[in-house]
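Contents: one structure, followed by commentary.
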Amino acid sequence: MHKRYIKIEKKVITVNELITLLDISKPYAYQLIRAPGFPVYVLPTGGKRNIYRIPVKELNEWLSREKIT
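For reference, each letter of the sequence shown is one residue, going 356 to 424 in the working numbering.
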């Protein structure tokens, strides 16, 4: 029996991946994810921190509409 693999393209990225992909600073990345209309999922944790995930499809749509500096 041979192994089967399913290629799964990422549907969401992390803030660190956003920083790398857009070549922006960490403070600017957090400024972006807090901007009105920016596509982000906020997943609360039990503590003070939240987990942020950015949906790739919506990010690409947002980038095509917005002009970031």
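Virtual Cβ for every residue (Gly too), placed ideally from N, Cα, C.
Looking only at its chain, what residues have a beta carbon closer than 7 angstroms to the beta carbon of residue 414, apart from the 5 residues adjacent to it on each side? 394
Thinking residue 411 and residue 367 are a contact (beta carbons under 8 angstroms), I'd like their distance in whole angstroms, please. 6 angstroms
Just to confirm, are residue 407 and residue 396 a CB contact at a threshold of 9 angstroms? yes
Taking its Cβ as the centre, do 16 or more other Cβ atoms sit within 10 Å of residue 373, making it buried, or is it exposed? Buried is the call here.
I'd like to know whether the C-beta atoms of residue 392 and residue 421 end up nearer to each other than 9 angstroms. Taking 9 angstroms as the Cβ cut-off, residue 392 and residue 421 qualify as a contacting pair.
According to DSSP, simplified to helix, strand and coil, what is residue 427? With the chain running from 356 to 424 in the structure shown, residue 427 is simply not present.
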